[in-house]
Structures are given as structure tokens and as C-alpha cells.
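Accompanying notes for the structure given below.
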Amino acid sequence: MKLPADYIERMRLLLGEDSEKFLSSYEAARTHGLRFNMGKINAGCSAAEEIIEQFGLEPIPWCEPGYYYDESARPGKHPYHAAGLYYIQEPSAMSVVELLDPKPGDVVLDLAAAPGGKSTHIADKLQGEGLLIANEIHLARAKILSENIERMGIANCVVMNASPDRLAERFPGFFDKIMLDAPCSGEGMIRKDPNAAAEWSVDLVRKCATRQMDILPDAVRMLKPGGILAYSTCTFNREENEDTIQALIERFPELELLQTERIWPHLHKGEGHFAAILKKNAEYTEDLREKIKPGQKSDKTNKLMSEAISLFEDFQKQVLPGFRLGPGEPLLFGNQLYHLPYAAGCSFGDQTLQSLKVVRPGLHLGEVKKTRFIPAHSLALAVNKRSAKPSHTYSLAADSREILAYLHGEALITKRSVQGWVIVLIEDHPVGWGKESEGQLKNHYPKGLRWLF
Ligand code: SAM
Numbered sequence: 000m001k002l003p004a005d006y007i008e009r010m011r012l013l014l015g016e017d018s019e020k021f022l023s024s025y026e027a028a029r030t031h032g033l034r035f036n037m038g039k040i041n042a043g044c045s046a047a048e049e050i051i052e053q054f055g056l057e058p059i060p061w062c063e064p065g066y067y068y069d070e071s072a073r074p075g076k077h078p079y080h081a082a083g084l085y086y087i088q089e090p091s092a093m094s095v096v097e098l099l100d101p102k103p104g105d106v107v108l109d110l111a112a113a114p115g116g117k118s119t120h121i122a123d124k125l126q127g128e129g130l131l132i133a134n135e136i137h138l139a140r141a142k143i144l145s146e147n148i149e150r151m152g153i154a155n156c157v158v159m160n161a162s163p164d165r166l167a168e169r170f171p172g173f174f175d176k177i178m179l180d181a182p183c184s185g186e187g188m189i190r191k192d193p194n195a196a197a198e199w200s201v202d203l204v205r206k207c208a209t210r211q212m213d214i215l216p217d218a219v220r221m222l223k224p225g226g227i228l229a230y231s232t233c234t235f236n237r238e239e240n241e242d243t244i245q246a247l248i249e250r251f252p253e254l255e256l257l258q259t260e261r262i263w264p265h266l267h268k269g270e271g272h273f274a275a276i277l278k279k280n281a282e283y284t285e286d287l288r289e290k291i292k293p294g295q296k297s298d299k300t301n302k303l304m305s306e307a308i309s310l311f312e313d314f315q316k317q318v319l320p321g322f323r324l325g326p327g328e329p330l331l332f333g334n335q336l337y338h339l340p341y342a343a344g345c346s347f348g349d350q351t352l353q354s355l356k357v358v359r360p361g362l363h364l365g366e367v368k369k370t371r372f373i374p375a376h377s378l379a380l381a382v383n384k385r386s387a388k389p390s391h392t393y394s395l396a397a398d399s400r401e402i403l404a405y406l407h408g409e410a411l412i413t414k415r416s417v418q419g420w421v422i423v424l425i426e427d428h429p430v431g432w433g434k435e436s437e438g439q440l441k442n443h444y445p446k447g448l449r450w451l452f
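For the sequence shown, numbering that gives the first Met the number 0 gives the first residue as 0, with consecutive numbering after it.
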């Protein structure tokens, strides 16, 4: 692989005698990883074992649900990927959330979140309790993030599209834990994407370091006293890693560096990552989890809302009798009904989001069309088999043709007398909606997600 001469020289300076081993790692094949979604791999479910065997997966030492796979396995083309059973993620990138260690009930921000590797990992650790705000500054990337949050069936996440400074104005001292996987010069991406080598320059490193120091103070501001910040990059130079952290601690003496970790491609099986874990020890002065009173809604809004809720509740009784929403409040965006999640001990309601750009205000429940309720794809992925009454199960072994046909968007013959909405399951795992009538299943797998021939 052709590496920029300046890059080689800098890596030689950084690594000394280890640099030849590092540089020859570019001749080796890149690594691939997937992380199981433990929220969907319930006790007694054999899907993970089947996938491990089918793809010949090997455990990633620093992340229990993480596994290496061989390029030929192509797990992105397996129906279990569409059902959100795992997330494809570069192996060393799985180290950081393990260090951040979010616990159920925590209020967590992922400040630079797209496409969602760290957010989906954080959500898995929250086990449905607490709140995750996954933010991405670029709208197109925020939409991809939102799709990944949906596919993984995450109900307690709000996806936002805001700049860090806008968020910091709204959420001072708010979060127990913050993840900042910073935009960086991507030296650890070079083996995966040779274009990264062409884009690399000393100037880019400098610009990235400056940008990181622009974003980090906003992250510090949003952390509550005693809160933990994880900073990470997929680059190797000191300017964007140790030096940035050093400059940050000098500027914010209330920060205590608890730990740093590096994953190197010549020492570990991964493309490379840097992580620093910091604690905010401050006696805090800014508004702590500002108390925002629920706003008065107009009578018209209240009427529309109560109609929407009652349509959803009827639907829930008939189709999802075992499903319960977690703590939160209903939100109506036009005719789209959402469930905005709450976390205990923090004031967070729809007023908190006002005038911020929100891509997904919690779990999307569905659309209200006059007197009909059309369930959202997100809802299918957020429920489990036990909570759905009319369902249609396809088996991977016996129905592979039907599964592909469903994922392609085709109607299917069921020859049953069931009428109305059904959850479509692959083995035990919901993958989307269908509407059954006279022995036919009309396909409601979203058009934008359909597999192409
Ligand atoms: N954490 C993500 C994951 O695990 O999937 C990867 C994040 S990527 C390394 C960095 C992100 O920062 C990109 O999505 C990029 O759009 C975003 N970004 C770029 N400039 C930014 C800025 N000035 N402030 C905040 N985020 C920015």
C-alpha cells in the first residue's frame, strides 16, 4: 500500500523501533467484526450460536458480545442482520464503550454518533433503562444513525441533529456519561479504505486537533459533576490523542484522567483506536438538569393526541398484547406518534427538545390516518415474539425463499384465515410488519430498506 512519506516519517518518530512492525501491518488483511445485540439475544435463543458456527466467528478479547468474522462471511446479507441481531463494527472500535461502561438507568450522550456503532453499543449496555441521546451534526449521517437505532430495536433513544454548542446550551450538567468519538484524521482507517491515505496530510492532522478542541469543551459542559467522558479517535498521532487530552485537562482542571488505551494494528487484531476516560470532579455551578416544566398544549393538540393514543392503545390490545412502553410521554409530530423516553431523576420532556432538530424523538409507534393506526417499522423491531399475538414465523431452514421474498418487498401466500396486522418473524425474531387477508400477506417492509435482487 502506498503511504504518504510524511506519514511514514511521523510514525517512525512516534513508534521508534516498533515502527517497522507497524508499517508492515499494512501488508496484512484488515479485520472485520460484528457485535451481537444482547437486547435481542435472549436467554434460550440459539441465534447467536448458529451465527457463530455458520460464520466461523472468533471472540474479540475486549468486548464480550463482539466477534471477528472473515470477509467471505458477508453477515450484512443475512436476514438476522435485517432483524437487528448484530451490528457490523470495526473490532477495535468496540473497546471504548466497554471502558465508558454505561449502566442501566444512566443518562448518556453520544455527541458524534453516526453511523451508530458506539450508540448501539451504549444502548445495549443500558438494557432499555435510562436515556440515550445520539447526536450527529450532519443530517444525512443522522438519518443513517436513526435507521441503525431502529434496526437494533432501541426504544429509549432520541436521535438529534445539532451542533455540539447548541446542545451544550440546552443540556448543561445533564449527562452521567458522554461519548465523544471525535471526527479525526482517520489514520486507523487507511488499511480499510485506501482513500484515507490519499486524504491524509499534516495539515489535516492539525485541523482535526483544532476541531477536537472546539468540540470537547461542549462535552465537558454537558457532563454532570462526577460524570464520565469517553474521548476516542481512530487515529494514531499524539496531537489528536494524548496532546488533545493534555490540553483539555490544563483548561479544565476539574477533569481527572482515569485511563487511556490504545489498540495498535501491529500489536492487536484490530485497525487501531485511542480512548481516554475522564471524570469531572467539579462542584458544579451551572443549571443542573434544568427543571423544565411541561408546557401547556393547545386544546386542539390535546384532542389529536388523545385520539392518536387511543388508536394506538386499541392496536396494542389487538396486536401487541404483551408489549409495554417504558416510562415516557407520547409525542405527535404531524400525524406520526412517538414515545419520548424518560430517565429517572432527570427532567426531560418534549419542551427540552423545542427548537432543536430532532430526527427521532424516541420510539416511533406509528402513523394516524383518520381512524386508522398504521404501525411503524421501529415498533416491529422494538417488540419481542412473546408480545405479538398474530405473527407469521418463517424458518431459516425451511422458508429461505419466503424470507428473501419478504425482504425484497413481495406479497406472500399464507393460506391462513388471519385478518389484519401481523408481525413477521424470522425464527423468533421480528423483522417487520405484514397485513394478512384471505390467505395473503401484504408486505409492509419499508421500501427504503428492501433488499435488491
Ligand atoms: N461514533 C460513530 C460510530 O461509532 O459509529 C462514529 C463517529 S465518526 C468517528 C465522527 C463523527 O463526527 C462523524 O459522523 C462526523 O459527521 C461528525 N462530525 C464532524 N464534524 C463535527 C463537528 N464539528 N462536531 C460534531 N461532530 C462532527
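Heads up, the beta-carbon is just placed ideally off N, CA and C, and yes, glycines get one too.
{"Item": "Neighbourhood of Glu401 by C-beta, 7 Å cutoff - its chain only, sequence neighbours within 5 removed", "Value": "Tyr393 and Leu411"}
{"Item": "Between the CA atoms of Ser45 and Pro64 - distance to the nearest angstrom", "Value": "14 Å"}
{"Item": "Segments of 3+ residues assigned as beta strand (DSSP E) that fall wholly inside the segment 66-105", "Value": "85-87"}
{"Item": "Contact test: Pro58 Cβ vs ligand 1 heavy atom, cutoff 7 Å", "Value": "no"}
{"Item": "Segment limits, beta strand (DSSP E) that includes Tyr337", "Value": "Gln335 to Pro340"}
{"Item": "In chain order, each alpha helix (DSSP H) run of at least 4 residues that lies wholly inside the segment 312-385", "Value": "376-381"}
{"Item": "Distance cut-off 7 Å: Lys206 Cβ against heavy atoms of ligand 1", "Value": "no"}
{"Item": "Alpha carbon of Arg165 to alpha carbon of Leu138, nearest angstrom", "Value": "15 Å"}
{"Item": "Sheet register partners of Glu255 (DSSP bridge)", "Value": "Lys278"}
{"Item": "Rounded separation between Ser305 and Ile373 - CA only", "Value": "16 Å"}
{"Item": "Spatial distance of Lys290 from Arg261 (CA atoms)", "Value": "Residue confidence is low: Lys290 scores 49 on pLDDT, short of 50, so the model does not pin down where it sits. Its coordinate-derived value is still stated next. Their backbone Cα atoms lie some 39 Å apart in a straight line."}
{"Item": "Proximity of Ser162 and Ile143 at Cβ, strictly below 8 Å", "Value": "no"}
{"Item": "Contact test: Ile136 Cβ vs ligand 1 heavy atom, cutoff 7 Å", "Value": "yes"}
{"Item": "Status (buried if at least 16 other CB within 10 Å, exposed otherwise) for Gln258", "Value": "exposed"}
{"Item": "With 16 other Cβ atoms within 10 Å as the buried cut-off, status of Gln245", "Value": "exposed"}
{"Item": "Straight-line gap, Ile7 to Ser23 (C-alpha atoms, nearest Å)", "Value": "11 Å"}
{"Item": "Cβ-heavy atom distance, Ser162 to ligand 1, below 7 Å", "Value": "yes"}
{"Item": "Run of the alpha helix (DSSP H) containing Thr243, from where it starts to where it stops", "Value": "Glu241 to Arg250"}
{"Item": "Under the three-state DSSP convention, the category Ile7 falls into", "Value": "helix"}
{"Item": "Uninterrupted alpha helix (DSSP H) stretches inside the segment 382-421 (no shorter than 4 residues)", "Value": "399-407"}
{"Item": "Sufficient close CB pairs (3 or more, under 8 Å) joining the segment 370-385 to the segment 307-326", "Value": "yes"}
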